[in-house]
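If you're matching them up, the sequences are chains A and B in order. Residue numbering for the first sequence follows my numbering, starting at 120 and increasing by one per position. Residue numbering for the second sequence follows my numbering, starting at 120 and increasing by one per position. A virtual CB, placed ideally from N, CA and C, is assigned to each residue, including glycine. All of these numbers come straight from a predicted model, not from anything done at the bench. Note sheet for the following structure.
Protein chains: 2
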Amino acid sequence: MSAVLGLDSRLTDDHHESLRLWLRLLTCSHLIEIQVRKALAAKFKTTLPRFDLMAQLERAPHGLQMGELSRRMLVTGGNITGIVDQLERAGLIVRTEDPADRRAYLVKLTKEGRRLFGQMAIEHESWIVQLFSGIPKREQRALNESLSRLRAQLTREIK
Amino acid sequence: MSAVLGLDSRLTDDHHESLRLWLRLLTCSHLIEIQVRKALAAKFKTTLPRFDLMAQLERAPHGLQMGELSRRMLVTGGNITGIVDQLERAGLIVRTEDPADRRAYLVKLTKEGRRLFGQMAIEHESWIVQLFSGIPKREQRALNESLSRLRAQLTREIK
DNA sequence: CCATTATATTTTATGTCTAAACTATTTAAA
DNA sequence: TTTAAATAGTTTAGACATAAAATATAATGG
């Protein structure tokens, strides 16, 4: 993840509003990502994709299929296979058979996985709150609304 | 690049404004990234990091050191080595010696690199404009301003 | 029912990315 | 100026990511 970063500060031509927006979006999420990745590694010896996958499972007590994880995390299926392998090896999740479809697994957090994720989620949120602490709540709400519209638009666009 | 995607649509608790903002930021940039990556592969048989690196060089006619590329692209030095290797093999850039520092290179676009980047940049911008076409210019400007403040804040925060 | 097509997952090959260890040169300081 | 510390770049090992091909099961349409 990355793209044309750094031009960001120097584009001023008014014709390039969209391009500038994309670069800024990318720079911001990249900056946050770097911090979160480092914190996850330092405090929990884990990675962002693993944390993300566990976050998905935490909200799906009945388990999720590999394909559903792939769709939600916006990554390809092959990628999910690898991350699930590792988390399973670590005893944090399990592949259980899907009673409704013998091709599929239902991936679930183990008890240990739930416990550990709980700890990580609390810290994770505090890092994020800290990173955004300089931005007034009102502005955060406004940004959130705009990005929500953008996300909706992009999802429509892409279909 | 990715994180906790998908929770995004379901967080409503007002205490989690910052967390929600981070997820939304990430989802949006990820959605755009996927499109741009696919388009670059389909139209130019290239990748986003390579395009980004060339974009950096295009604005630096005197060339950039590896370390400067690393800082601007927000990735590690080792990563730059690999991308530069490939682009150099393809004849699109060259490592030239830095007269001021024998440890360093100045990396520059070749004539062919400049030509190709020119073509790619035009298409690239049109893809971006298309992706944002559903968002009114006024809102794009507002988003741009907010993200600019956020970026500034993050950069300060991180130092 | 059976062939076809679609879906769920894994595998393979390749590229991106990091952290940490390494080499070479420069800078600073004693 | 010689040593020590810092800086520029590369290498290594391992994780993450993709697209495309392969396997297995499910769903569909004659």
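Just to check, is the beta-carbon of residue i closer than 7 Å to a non-hydrogen atom of the ligand MN?
i: residue 201(A); result: Absent from the structure shown: the ligand MN. Ligands present: none.
Could you tell me if residue i is buried or exposed, where buried requires 16 or more neighbouring beta carbons within 10 angstroms of its beta carbon?
i: residue 175(A); result: buried
i: residue 199(B); result: buried
i: residue 202(A); result: buried
i: residue 232(A); result: buried
i: residue 105(A); result: What is shown of chain A runs 120 to 278, which leaves residue 105(A) out entirely.
i: residue 252(A); result: exposed
i: residue 254(A); result: buried
i: residue 180(A); result: exposed
i: residue 136(B); result: buried
i: residue 169(B); result: buried
i: residue 148(A); result: buried
i: residue 277(A); result: exposed
i: residue 221(B); result: exposed
i: residue 191(B); result: buried
Kindly indicate if chain A contains any beta-carbon less than 8 Å away from that of residue i.
i: residue 253(B); result: yes
i: residue 165(B); result: no
i: residue 176(B); result: no
i: residue 143(B); result: yes
i: residue 268(B); result: yes
i: residue 149(B); result: yes
i: residue 214(B); result: no
i: residue 247(B); result: yes
i: residue 184(B); result: no
i: residue 230(B); result: no
i: residue 211(B); result: no
i: residue 221(B); result: no
i: residue 262(B); result: yes
i: residue 259(B); result: yes
i: residue 139(B); result: yes
i: residue 146(B); result: yes
Locate the alpha helix (DSSP H) running through residue i, then write down its first and last residues.
i: residue 274(B); result: 256 to 277
i: residue 250(B); result: 230 to 250
i: residue 166(A); result: Taken as a continuous stretch (DSSP letters only), residue 166(A) belongs to no alpha helix (DSSP H), as it is neither H nor E.
i: residue 200(A); result: 196 to 208
i: residue 190(A); result: 185 to 192
Can you find a CB in chain B that lies within less than 8 Å of the CB of residue i?
i: residue 202(A); result: no
i: residue 227(A); result: no
i: residue 169(A); result: no
i: residue 162(A); result: no
i: residue 272(A); result: yes
i: residue 189(A); result: no
i: residue 250(A); result: yes
i: residue 158(A); result: no
i: residue 242(A); result: no
i: residue 154(A); result: yes
i: residue 276(A); result: yes
i: residue 193(A); result: yes
Excluding the five sequence neighbours on either side, which residues of its own chain have a C-beta within less than 6 Å of the C-beta of residue i, listed in chain order?
i: residue 182(A); result: 225, 226, 227
i: residue 131(A); result: Its pLDDT being 49, under 50, residue 131(A) is placed unreliably by the model, and the measurement read from it follows with that caveat. Excluding residues within five positions, none has a Cβ falling inside 6 Å.
i: residue 286(B); result: The structure shown does not extend to residue 286(B), since chain B spans only 120 to 278, so no value can be given for it.
i: residue 244(A); result: none
i: residue 209(A); result: none
Considering only residues of the same chain and omitting the five flanking positions on each side of residue i, which have a CB-CB separation below 7 Å?
i: residue 218(A); result: none
i: residue 265(B); result: none
i: residue 296(A); result: This structure cannot speak to residue 296(A), because chain A is shown only from 120 to 278.
i: residue 250(A); result: 151, 154
i: residue 268(A); result: none
i: residue 216(A); result: 224
i: residue 188(A); result: 172, 175, 199, 226
Which two residues bound the contiguous beta strand (DSSP E) that contains residue i?
i: residue 213(A); result: 212 to 216
Among residues of its own chain, excluding the 5 on either side of residue i, which ones have a beta-carbon nearer than 8 Å to its beta-carbon?
i: residue 185(A); result: 196, 199, 200, 203, 223, 224, 226
i: residue 212(B); result: 172, 173, 176, 203, 206, 226, 227, 228, 229, 232
i: residue 193(B); result: none
i: residue 167(A); result: 152, 155, 156, 159
i: residue 214(A); result: 203, 207, 224, 225, 226
i: residue 246(A); result: 154, 155, 158
Handout entry: Cβ pair count under 8 Å reaching 3, the segment 236 to 243 of chain A against the segment 255 to 264 of chain A
Key = no
Exercise for the section: Evaluate the contact criterion for the segment 135 to 143 of chain B versus the segment 155 to 171 of chain B: three or more CB pairs, one atom per stretch, below 8 Å. Expected result: no
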